[in-house]
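Protein chains in written order, with the working numbering: chain A, 1 to 214; chain B, 1001 to 1252. All C-beta atoms, glycine included, are put in the ideal place defined by N, C-alpha and C. Since we're looking at a predicted model, the values are computed, not measured. Okay, so here's the structure we're looking at.
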Amino acid sequence: MNFWGFLIAHHQEVLNLTVEHMTLVGVSIFFAVLIGIPLGVLITRVPRLSKAVIGSANVIQTIPSLALFGFLLFAPWIGARGARMAILALTLYALLPLIRNTYAGIQNVDPAVVAAGRAMGMTDRQLLWQVELPLASGVIMAGIRVATVVSIGLATIAAAIGAGGLGEFIFRGLSMVNTQLILAGAVPAAVLALVADVGLGVLERRLGTLKGRA
Amino acid sequence: MDAASGVQHAIEIDRASFRLNGRALVCELSLTVSPGETFILLGRSGSGKTTTLKLINRLLEPSEGEVRVGGRRTTDWDPIRLRRGIGYVIQDGGLFPHFTVERNIALVPQIEHWPPQRTRARVLELLALVGLSPDLALRYPRQLSGGQRQRVGVARALAADPPVLLLDEAFGALDPITRSEIQKEFRTLQTRLKKAVIFVTHDLREALLLGDRIALMEEGRLVVNLPVAEFAYSREPLVRAYVEAFSGGEVK
């Protein structure tokens, strides 16, 4: 049986695992956005925190993913369910690009524009929502894109701790020395990553042109 | 503060100093500007002109002395209220690149929650006032020429009809022909609007064209503060140096 034959024969399972995979990634990115963007904004306001925050996010990135999943096995409550662990780990990994891009995006807004807004009597909140975030939105979106693509790849490892997703096929294939099984997990994961990259890239460019279509 | 004492100045700076890390950027500076007056702050880069403007709209607070706007100390004002009553124009307009011309001009009305009808009418009125076609309302700043952007910047500063107007090297980025056009229009505008204007520039010609009074600033201090007609005849060495620098290159 060739690869395509395998996919067709097991399409229901492939589909289920793909949906599971997308859920893991989607939920993690959701949490990462919820935490990362406010943190990125915070360190533009309180610059002395920026080193500590970006540094911590950097350190998290350097923990090998398999090791991080392994540590989490012993965490209370979270360790009880594979999916919870995977989401926590993926969220942690996704934080760095979000924090860094939010920070960089806001720092790169033309200071003259912010100065003009402040001098005209805009409050801090108005400056943030009406000027800084819209002008940084393209760069922030680039962070979301990078985080999503990386998470799709990383999430395949989550199967090692029973979180499901396309990694199931890969690990099963590895233990059975079955190339087709490995490919059945790897190829859809790669396709997902490509689709996410292109789709979010389009969104990013659209946000980029928002700030003054030439 | 002295609203009872007859003459009401729109801006009063009373022996104000501003120090940063022990260095005085503005030193014992005093000046007054009345409604309808265009006061020029002339000086080299780093002489403290922009710092003086920031003391007026309370982006900075004086280390010593007082700055009063509308008879009230800036430190007694709510800074947001104070700034919404002071129009501010910078080089190249400082427009928001992601806002249309209309939204840029409507900035203060919008944050002041004017009804949309009134805002819209005001925007059209201002476009006409600064000599721009209403067709430009939906364009973005990138799609405008430098001169048009600068006019939008002036319109934005005037939107909520503030009594005080601060211009910081406002026309400095324009080509000479456009600059001269805008300068003339600004002068005409000012005779109609009667704002209290402080205009920061390093261009003596601009100062002589637009100003009622000219103050020369150097190292945070006012060297002279004279009516425009007397300025060019001042014996002050620094003024002489300035006048010579400007008349030197050309034969009249």
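Cβ of residue i within 8 Å of any chain C Cβ
i       : result
V1108/B : Of the protein chains in this structure, namely A and B, none is chain C.
Bounding residues of the beta strand (DSSP E) (the contiguous stretch that carries residue i)
i       : result
N108/A  : Taken as a continuous stretch (DSSP letters only), N108/A belongs to no beta strand (DSSP E), as it is neither H nor E.
F1199/B : A1196 to T1201
P1062/B : Looking at the DSSP string, P1062/B is not in any beta strand (DSSP E), and its letter there is neither H nor E.
R1213/B : R1213 to E1218
T1032/B : R1023 to V1033
P47/A   : Run containing P47/A: none; DSSP gives neither H nor E here.
F1018/B : I1011 to L1020
G1087/B : I1086 to I1090
L174/A  : It is not in any beta strand (DSSP E) - L174/A instead sits in the alpha helix (DSSP H) that spans G167 to M176.
Near the ligand ZN: residue i beta-carbon under 7 Å from a heavy atom
i       : result
L1189/B : Annotation note on the ligand ZN: not contained in the displayed structure, which lists no ligands.
Residue i, DSSP secondary structure in three states
i       : result
A1004/B : Residue placement at A1004/B cannot be trusted, given a pLDDT of 47 that sits under 50; what the coordinates show is reported in the next sentence. Here A1004/B sits in coil by DSSP.
D1175/B : coil
K1252/B : Residue confidence for K1252/B is low, a pLDDT of 41 falling below 50, so the modelled location carries little weight and cannot support an answer.
L1167/B : strand
R1072/B : strand
A190/A  : helix
D1161/B : coil
R1118/B : helix
F74/A   : coil
I161/A  : helix
G1043/B : strand
T1038/B : strand
L1222/B : strand
P97/A   : helix
P1097/B : coil
G212/A  : Summary for G212/A: the model assigns pLDDT 49, below 50, so the residue's position carries little reliability; its value from the coordinates is reported in the next sentence. Coil.
M120/A  : coil
V195/A  : helix
V1130/B : coil
C-beta contact flag for residue i and residue j at 8 Å
i       : j       : result
L1031/B : L1222/B : yes
L1216/B : L1238/B : yes
E1066/B : R1073/B : yes
V1224/B : E1236/B : yes
L24/A   : L90/A   : yes
A1155/B : L1193/B : no
T102/A  : G36/A   : yes
P1097/B : R1151/B : no
A104/A  : V131/A  : no
V1101/B : L1158/B : no
A163/A  : G40/A   : no
L1042/B : T1201/B : yes
P188/A  : T18/A   : yes
C-alpha distance - residue i paired with residue j, whole-angstrom precision
i       : j       : result
D1168/B : A32/A   : 42 Å
L1053/B : K1184/B : 23 Å
I1056/B : G1087/B : 11 Å
S1034/B : F1199/B : 13 Å
T1178/B : A1232/B : 25 Å
V1298/B : R1068/B : With chain B running from 1001 to 1252 in the structure shown, residue 1298/B is simply not present.
D1212/B : Q1190/B : 11 Å
T179/A  : G173/A  : 6 Å
E1112/B : I1080/B : 11 Å
Q12/A   : G165/A  : 13 Å
R1120/B : W1114/B : 10 Å
E1028/B : A1016/B : 5 Å
R1139/B : G1085/B : 27 Å
I1270/B : L1124/B : Nothing about residue 1270/B can be reported from this structure: the residues present for chain B run from 1001 to 1252 only.
P1186/B : G1131/B : It is worth fixing the name first, because residue 1186/B is Phe in this sequence and not Pro. For F1186/B and G1131/B, the distance between alpha carbons rounds to 11 Å.
L181/A  : G26/A   : 24 Å
T1050/B : I1182/B : 21 Å
A75/A   : T62/A   : 20 Å
G70/A   : M85/A   : 10 Å
G167/A  : G117/A  : 50 Å
K1252/B : L1210/B : Bear in mind that a pLDDT of 41 at K1252/B, under 50, signals an unreliable position, so the model cannot answer this.
S175/A  : I8/A    : 22 Å
S28/A   : A147/A  : 10 Å
I161/A  : R100/A  : 29 Å
V1197/B : L1208/B : 14 Å
E20/A   : L88/A   : 15 Å
A233/A  : A190/A  : Any question about residue 233/A goes unanswered here, given that chain A covers just 1 to 214.
Bounding residues of the alpha helix (DSSP H) (the contiguous stretch that carries residue i)
i       : result
L1107/B : L1107 to I1111
F3/A    : F3 to A9
G138/A  : L133 to L154
L1210/B : L1204 to L1210
A1137/B : A1137/B -> no alpha helix (DSSP H), and no H or E assigned at all.
E1236/B : Neither: E1236/B is in no alpha helix (DSSP H) and is coded neither H nor E.
Exercise. Can we say the region 48-64 of chain A touches the region 90-100 of chain A, given the rule of at least three CB pairs closer than 8 Å?
Worked result: yes
Exercise. Between the region 1167-1182 of chain B and the region 1144-1156 of chain B, are three or more C-beta pairs nearer than 8 Å?
Worked result: yes
Problem set entry | At least 3 beta-carbon pairs within less than 8 Å: the region 144-159 of chain A vs the region 186-197 of chain A | yes
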